[in-house]
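Novice: So the protein sequences, as listed, match chains G, P and X. Note that the first sequence covers residues 1 to 358 in the UniProt record's numbering. Note that the second sequence covers residues 1 to 358 in the UniProt record's numbering. Note that the third sequence covers residues 1 to 358 in the UniProt record's numbering. We put the beta carbon where it would ideally sit given N, CA and C, even for glycine. Sending over a structure as structure tokens; questions will come in a sec.
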Amino acid sequence: MVYVEMRNPEENYPFDHWWVIATSEELGQGQLLPRKVLGMDVVLFRQDDGTAAALVDRCSHRGLPLSMGALEGNRITCGYHGFQFDPTGTLVAVPTQPNCPRKGSVRAFPVVDKAPYIWIWTGDPALANADDVPVYPWLREPGWAWATERIHVAANYMLLKENVLDLTHFPFAHKSTLGAIDSYANYSPPPVLGDDRVCYRNEFLNQPLSPVYNDDLGLGDRLTDRVDEGVSVSPAVHIAKVSIRIKEPRPGEKAEYAFMFHHMTTPETPRSHHYWWAMARDYAVNDKAAAYFKSIAHVAFAEDKVILEAIQKRNDEAGPGANLQEVSVVADRAGLMARRQLQALLDAEDRRRAGGTV
Amino acid sequence: MVYVEMRNPEENYPFDHWWVIATSEELGQGQLLPRKVLGMDVVLFRQDDGTAAALVDRCSHRGLPLSMGALEGNRITCGYHGFQFDPTGTLVAVPTQPNCPRKGSVRAFPVVDKAPYIWIWTGDPALANADDVPVYPWLREPGWAWATERIHVAANYMLLKENVLDLTHFPFAHKSTLGAIDSYANYSPPPVLGDDRVCYRNEFLNQPLSPVYNDDLGLGDRLTDRVDEGVSVSPAVHIAKVSIRIKEPRPGEKAEYAFMFHHMTTPETPRSHHYWWAMARDYAVNDKAAAYFKSIAHVAFAEDKVILEAIQKRNDEAGPGANLQEVSVVADRAGLMARRQLQALLDAEDRRRAGGTV
Amino acid sequence: MVYVEMRNPEENYPFDHWWVIATSEELGQGQLLPRKVLGMDVVLFRQDDGTAAALVDRCSHRGLPLSMGALEGNRITCGYHGFQFDPTGTLVAVPTQPNCPRKGSVRAFPVVDKAPYIWIWTGDPALANADDVPVYPWLREPGWAWATERIHVAANYMLLKENVLDLTHFPFAHKSTLGAIDSYANYSPPPVLGDDRVCYRNEFLNQPLSPVYNDDLGLGDRLTDRVDEGVSVSPAVHIAKVSIRIKEPRPGEKAEYAFMFHHMTTPETPRSHHYWWAMARDYAVNDKAAAYFKSIAHVAFAEDKVILEAIQKRNDEAGPGANLQEVSVVADRAGLMARRQLQALLDAEDRRRAGGTV
């Protein structure tokens with residue numbers, strides 16, 4: 001069964017891929033949660049045993065979104081004529097007749113719930129391997145404080161990925177927030193390639209720690225070495241780590257600390273995406289941490305959202321055929337590599353489909 | 001004169017047809033009423049003697065909607081340069097010169113006012129026969145209580161016609177209203193063909209009467225035979241009749257009662273339509289009847305509107321080329337027949353035009 | 001360097017042309033003013049010495065509107081990564097590296113600030129001659145009272161130009177305002193051609209002066225000869241003059257007065273334009289004049305806006321291929337001539353580009 005047809009040239013995302021579709025927390029028992037990903041309307045729900053399931057959000061009969069129906073046990077009942085579907089998408093009941101037409105089944109998507117995220121495989125189910133879904137200890141295990149939230153961004157997801165691969169925008173886009181803390185603009189960050197992933201690395205050596213990290217660590221003016229590293233793990237995941245080392249630790253004092261950032265991106269359409277940020281730290285693990293993370297995110301990531309949406313809007317107004325000016329500099333190296341890696345992924349997927357191996 | 005050019009494939013409605021365009025009541029004397037039907041902007045008004053008239057709602061000079069002008073006697077004066085048109089669409093005055101250009105006339109539509117509706121013929125005027133405009137005694141004559149109202153539905157009109165041809169949606173779409181009253185879902189209604197019209201027929205025999213009909217009839221738990229029949233008379237008209245017969249009438253008691261439903265549909269665009277519902281009954285003919293009909297309609301038909309608009313929205317998002325899944329069951333038989341009958345009407349109209357007989 | 005590619009058939013405006021883009025007053029020192037003209041996003045600002053400058057409002061790096069950045073001295077700093085541009089559009093600083101890519105410059109537009117308007121040349125800079133930018137004494141010199149304002153009109157600019165070339169719409173479009181004052185509708189204004197410009201001329205001889213002009217002149221019922229003349233100077237400029245002469249002036253009384261109107265039109269897109277009206281008079285030069293001009297404009301020009309936008313909306317709904325009915329009469333002669341003159345301008349521009357002389 002071929003699930004995906006010829007790629008729309010605007011769809012710059014691989015379908016044979018795991019993507020975050022929701023947080024584990026936001027999908028309650030008994031709920032029908034509609035969400036569009038990669039241009040497809042999906043309805044998410046939990047089975048009786050809590051296992052997450054995902055179907056195309058469109059009844060096979062007359063097309064009503066299934067999310068407008070009712071969930072009873074493991075079955076979705078359509079809100080129009082009562083057709084019932086099980087978690088595999090199989091049409092299991094038509095109220096007006098004893099039998100169900102075979103062609104009445106709807107597409108089901110592989111989903112995996114590994115807290116704090118529910119992941120969906122949007123391509124050929126035969127290629128889906130739940131073991132490939134990543135788990136991040138710092139978002140689950142004791143010893144870490146963390147928070148995550150979704151932001152809807154009306155811009156292609158690659159605009160965000162390139163944004164987080166080049167932090168030299170801090171002093172300008174985040175002038176009064178993140179930008180106030182560091183002289184990122186003086187960096188020409190060399191991408192470091194490891195495991196075919198696109199990275200950047202910025203060092204802030206022998207300096208007082210910037211307030212974002214220092215506020216709850218309380219080092220004052222003491223000198224630290226800080227290394228910021230970011231990795232575009234896949235089109236769906238970017239992880240950044242801030243490693244802090246106290247230059248002259250006091251006797252018995254813990255000398256090394258970590259602050260983790262996630263930028264999880266899931267295309268909604270070619271012109272919009274869902275963006276889950278997450279932050280975690282291994283110090284000051286207290287009740288106030290989540291609120292602190294959100295206070296940073298709500299200001300700084302809103303600044304990015306405004307910028308990316310303005311760029312997308314202008315591109316859209318120019319139209320698909322417009323040959324818009326784009327000049328790149330050294331600081332774009334990681335972003336440009338991410339584009340090339342994405343293109344390689346898309347080409348491989350196109351070849352795989354053309355070869356009939358799907 | 002050929003009024004209609006090549007059919008836009010989305011325009012699934014016959015032009016050589018009578019359609020409801022307004023209620024007689026809503027078109028007051030002296031009023032210019034704009035309404036779009038079958039993709040055409042029309043301005044309705046009454047002549048001095050009260051006769052309804054309809055013109056294309058666009059001045060032949062520079063294109064201002066005539067409905068933005070003024071009605072003086074039998075003439076519309078355009079609100080831009082004062083060109084005047086009579087009820088035949090003839091340009092009869094240009095303020096700045098003594099003569100009127102011949103090509104300045106605008107299209108006039110045959111209209112017929114047969115209360116409670118004003119009907120418009122949207123095709124070749126030579127084919128319009130006012131005798132074909134139907135009159136419904138139960139919406140005019142003594143012995144009946146009735147009401148009618150327009151609802152705007154942002155969905156193709158055939159979605160509504162199929163809706164009213166398959167009442168097995170009651171228990172799901174109208175769970176707490178109409179659906180609460182009958183076990184429609186247990187029916188696989190056999191369409192009955194009479195006079196080339198698409199019908200359904202549901203029987204509820206030897207049962208207490210459901211509250212919708214019983215509330216003002218007061219039969220309590222007494223047993224009745226009830227037959228629901230619906231007929232798609234044309235693309236513009238669907239009529240349903242509920243026939244009630246008391247199983248064991250008391251001496252001298254009237255044993256038979258009728259409740260009539262109308263579903264009058266007029267395409268506005270390929271993606272929207274005007275929908276006039278009407279209800280009438282030959283019992284409890286009192287002042288409260290109209291309010292009772294509206295109380296039913298405002299809840300139940302709003303439920304249909306939400307469903308049909310959700311389906312249309314998804315279809316639109318998928319785009320015209322999308323090959324959307326649609327599986328049909330036995331209960332769809334009447335609806336599918338209505339589609340075929342419509343297609344035959346459209347094909348005949350296309351042949352007639354191609355043959356130059358228009 | 002060729003700045004403009006093949007003309008989009010909807011773009012019925014010459015690019016090699018001076019257009020009003022702002023009033024001198026609205027562009028403050030230190031401000032970044034975004035404005036779309038002829039389909040192009042432009043950012044306006046003043047240099048240190050107050051000279052106006054205009055760049056394409058799109059950073060050459062990643063496409064953020066430059067108007068979302070910051071103006072420091074003579075340079076715009078992009079709000080994303082801090083790229084800096086000087087008033088010639090040259091990229092003069094990239095914060096992360098010492099050198100600037102040559103291809104990073106953005107287009108600069110010739111602009112001229114001749115109060116009360118700032119003008120932009122939207123075509124080939126080599127053809128721009130600042131001496132061609134007009135100056136209107138009655139909007140600058142002592143002895144005149146004047147006012148000007150911008151109105152955004154969601155309609156093609158030629159709809160407004162034709163509007164002001166045919167004042168026979170006054171009695172209908174401005175029934176209770178301008179229309180109340182004169183019997184324009186009785187005129188079939190003969191266009192007078194002078195200097196290849198399209199004109200009209202209406203005479204109101206031996207009559208009391210209409211209130212619009214008389215209110216502050218105080219002639220009461222005394223007889224005057226009044227001549228209204230209008231000239232479409234170019235696609236960007238229409239100037240009208242009302243000349244008033246007292247029939248029997250008293251000894252020592254000034255006998256002649258003038259009231260000037262401007263209708264400055266600048267396309268924003270093919271379906272919208274910026275419209276600056278201006279009014280001036282050489283009598284009753286006092287503090288109340290500007291408020292009086294605005295009181296007329298806010299009512300009367302709003303009536304035109306409603307009409308032109310209704311026409312544009314209907315044309316848009318009909319689609320680009322629609323063959324909409326349009327009949328013309330004698331009163332349209334000036335407007336039709338303006339269309340032909342515009343077409344000649346466009347054809348000349350197209351030929352010039354095709355010939356490679358740009």
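Beta carbon of T265/G, beta carbon of Y257/G: below 8 Å?
Specialist: Going by C-beta atoms, T265/G is not nearer than 8 Å to Y257/G.
Novice: Does the contact criterion of 3 or more C-beta pairs under 8 Å hold for the region 112-125 of chain G versus the region 86-101 of chain G?
Specialist: Verdict: no, contact absent.
Novice: Measure the Cβ-Cβ separation of V327/X and Q97/P and say whether it is below 8 Å.
Specialist: Not a contact, by the Cβ cut-off of 8 Å.
Novice: Going along chain G, which residues have a C-beta under 7 Å from H169/P?
Specialist: Ordered by position in chain G, the residues that pass the 7 Å Cβ test against H169/P are Y80, H81.
Novice: Determine, using beta carbons only, whether K161/X and H262/X come nearer to each other than 8 Å.
Specialist: Contact flag unset, no.
Novice: Is the Cβ-Cβ distance between K294/P and A145/P less than 8 Å?
Specialist: In this structure, A145/P does not lie closer than 8 Å to K294/P by Cβ.
Novice: Does E268/P pass the burial test, meaning 16 or more other C-beta atoms within 10 Å, or should it be called exposed?
Specialist: Flag for E268/P reads buried.
Novice: Indicate whether at least one CB of chain G lies closer than 8 Å to the CB of N202/P.
Specialist: So no, N202/P is outside the interface.
Novice: At what residues does the alpha helix (DSSP H) containing M158/X begin and finish?
Specialist: 157-165 is the extent of the alpha helix (DSSP H) around M158/X.
Novice: For W18/X, would you say it is in contact with chain P, using Cβ-to-Cβ distances shorter than 8 Å as the test?
Specialist: Not one chain P Cβ lies under 8 Å of W18/X.
Novice: For V164/P, go through chain G and note every residue whose CB falls closer than 8 Å to its CB, in chain order.
Specialist: Per Cβ cutoff of 8 Å: no residues; V164/P is ~13 Å from chain G at best.
Novice: Which residues bound the beta strand (DSSP E) around Y117/P?
Specialist: Its beta strand (DSSP E) spans residues 117-121.
Novice: Quick check: the Cα distance between L159/X and W119/P, rounded to an integer number of angstroms?
Specialist: The alpha-carbon atoms of L159/X and W119/P are separated by roughly 36 Å.
Novice: According to DSSP, simplified to helix, strand and coil, what is M260/P?
Specialist: In the structure shown, M260/P sits in a strand (DSSP, three-state: E or B).
Novice: Using the beta-carbon of each residue, which ones in chain P are nearer than 7 Å to V94/G?
Specialist: The contacting residues are V329.
Novice: Between H174/X and T51/X, what straight-line distance do the alpha-carbon atoms span, to the nearest angstrom?
Specialist: If you take the alpha carbons of H174/X and T51/X, they lie about 40 Å apart.
Novice: Strictly below 9 Å CB to CB, what residues from chain G border P9/X?
Specialist: The contacting residues do not exist; P9/X stays about 15 Å from chain G at best.
Novice: What is the C-beta distance between C100/P and V92/P, in whole angstroms, given that I count them as a contact (C-beta under 8 Å)?
Specialist: So it is a contact: roughly 6 Å between Cβ atoms.
Novice: Comparing C-alpha positions only, which one of A126/X, H273/X, M260/X, W138/X sits nearest to V212/X?
Specialist: Measuring from the Cα of V212/X, the nearest candidate turns out to be M260/X.
Novice: Residues in its own chain within less than 7 Å of F35/X by CB, not counting five upstream and five downstream?
Specialist: Note that residue 35/X is Arg in the sequence shown here, rather than Phe. Excluding sequence neighbours, R35/X sits near I21, A22, V42, L44.
Novice: To the nearest whole angstrom, what separates the beta carbons of V94/G and F109/G, a pair I think is in contact under 8 Å?
Specialist: Their Cβ separation, rounded to whole angstroms, is 23 Å, which puts V94/G and F109/G out of contact at 8 Å.
Novice: For the region 7-20 of chain X and the region 118-137 of chain X, state whether three or more C-beta atom pairs, one from each stretch, are separated by less than 8 Å.
Specialist: In short, these stretches touch, since the Cβ pair count reaches three.
Novice: How about residue 430/P: is its C-beta nearer than 8 Å to some C-beta of chain X?
Specialist: Since the first residue of chain P shown is 1 and the last is 358, residue 430/P is not available in this structure.
Novice: With distances taken between CB atoms, is the gap from G355/P to I311/X smaller than 8 Å?
Specialist: No, Cβ-Cβ distance for G355/P and I311/X is not below 8 Å.
Novice: In chain order, which alpha helix (DSSP H) runs of at least 4 residues are fully inside the region 271-328 of chain G?
Specialist: Qualifying alpha helix (DSSP H) stretches, in chain order: 289-318.
Novice: What is the residue span of the beta strand (DSSP E) that P211/G lies within?
Specialist: It is not in any beta strand (DSSP E) - P211/G instead sits in the alpha helix (DSSP H) that spans 211-214.
Novice: For V285/G, collect the residues of the same chain with a Cβ closer than 6 Å to its Cβ; drop the 5 residues on either side in sequence, then sort them by chain order.
Specialist: If we look at V285/G and ignore the five residues flanking it on each side, its Cβ neighbours are A145.
Novice: Cβ of Q207/G less than 8 Å from any chain P Cβ?
Specialist: No - not a single Cβ of chain P is within 8 Å of the one on Q207/G.
Novice: From this set, E229/P, R333/P, V299/P, R46/P, which residue's C-alpha is nearest I151/P's C-alpha?
Specialist: The residue with the shortest Cα to Cα distance from I151/P is V299/P.
Novice: DSSP state of S67/P, grouped into three classes?
Specialist: Correct three-state label for S67/P: helix.
Novice: Checking contacts by CB at 8 Å: is D132/G closer than that to chain P?
Specialist: No, its Cβ sits nowhere closer than 8 Å to a Cβ of chain P.
Novice: Tell me which residues of the region 295-311 of chain P have at least one Cβ-Cβ distance to chain G shorter than 7 Å, keeping chain order.
Specialist: Going along the region 295-311 of chain P in chain order, one finds I307, A310, I311 with a Cβ nearer than 7 Å to chain G.
Novice: Which residues, taken in chain order from the region 213-239 of chain P, show a beta carbon closer than 9 Å to some beta carbon of chain G?
Specialist: So the list is empty, because no residue satisfies the distance condition.
Novice: Is the beta carbon of residue 376/G sitting closer than 8 Å to the one on L308/G?
Specialist: The requested residue 376/G is not part of the displayed model; chain G covers only 1 to 358.
Novice: If we require 3 or more residues per run, which beta strand (DSSP E) segments fall completely within the region 78-134 of chain X?
Specialist: With a minimum length of 3 residues, the continuous beta strand (DSSP E) runs that stay inside the region 78-134 of chain X are 91-93, 111-114, 117-121.
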